[in-house]
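Student:
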Amino acid sequence: MAGGDSRYSTRHPGAAPPAADADTPMPLILYQRDDCHLCDLALEVLATVRAPEFESVFIDDDETLETAYGTRVPVLRDDTDGRELEWPFDAARLRAFLAS
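The opening position of the sequence shown corresponds to residue 1 in the UniProt record's numbering, with each subsequent residue numbered one higher.
Here is the structure:
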């Protein structure tokens with residue numbers, strides 16, 4: 001990736017505890033951009049729902065991710081089954097996504 005690593009994990013109060021194996025990737029990924037007000041709103045919804053730990057991936061410096069998610073961010077992806085929840089989502093939609 002150009003510009004360095006665009007991934008980091010995000011923990012917030014009420015998040016599920018981290019996996020025992022630190023090398024195991026987190027199943028939830030939030031694709032977002034730098035300075036994105038919609039992404040900030042998505043983070044607020046995730047915190048309100050007390051979503052499990054997730055990985056934040058900034059797409060700005062990655063051509064492949066930019067092509068896939070450029071106009072769609074923020075997008076929450078469940079890497080275990082490939083499902084994606086696109087913005088806009090509220091607490092009810094997020095809870096339903098996490099429960100399914």
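We treat Cβ as the ideally placed atom computed from N, Cα and C, and that holds for glycine. Given the structure is predicted, the values throughout are model-derived calculations rather than measurements.
Among residues of its own chain, excluding the 5 on either side of Arg33, which ones have a beta-carbon nearer than 7 Å to its beta-carbon?
Tutor: Stepping through the sequence shown from its first residue, residue 33 is reached at position 33. So the qualifying residues of the chain are Cys39, Phe58, Ile59, Asp60, Val73.
Student: When the Cα atoms are used, what is the spatial distance from Tyr69 to Glu84?
Tutor: As a first step, residue 69 must be located in the sequence shown, where it is residue number 69. As a first step, residue 84 must be located in the sequence shown, where it is residue number 84. One C-alpha to the other measures close to 11 Å.
Student: The beta strand (DSSP E) that contains Asp78, what's its start and end?
Tutor: By 1-based counting over the sequence shown, the position of residue 78 is 78. That run of the beta strand (DSSP E) goes 75-78.
Student: Alpha carbon to alpha carbon, what distance is there between Glu63 and Ala99?
Tutor: Within the sequence shown, residue 99 is the residue found at index 99, counting from 1. Within the sequence shown, residue 63 is the residue found at index 63, counting from 1. Distance between the alpha carbons of Ala99 and Glu63 is about 32 Å.
Student: Is it buried or exposed, Arg50, if we count other Cβ atoms within 10 angstroms and call 16 or more buried?
Tutor: As a first step, residue 50 is located in the sequence shown; it is residue number 50 there, counting from the start. The residue is exposed, with fewer than 16 neighbouring Cβ atoms inside 10 Å.
Student: Please work out which residues of its chain come closer than 8 Å, Cβ to Cβ, to Leu94, disregarding the five sequence neighbours upstream and downstream, and give them in chain order.
Tutor: Here residue 94 refers to the residue found at position 94 of the sequence shown. Result list for Leu94: Val45, Leu46, Val49, Ala51, Leu76, Leu85, in chain order.
Student: The alpha helix (DSSP H) that contains Arg33, what's its start and end?
Tutor: Here the question's residue 33 lines up with position 33 in the sequence shown. From DSSP, Arg33 is part of no alpha helix (DSSP H); its letter is neither H nor E.
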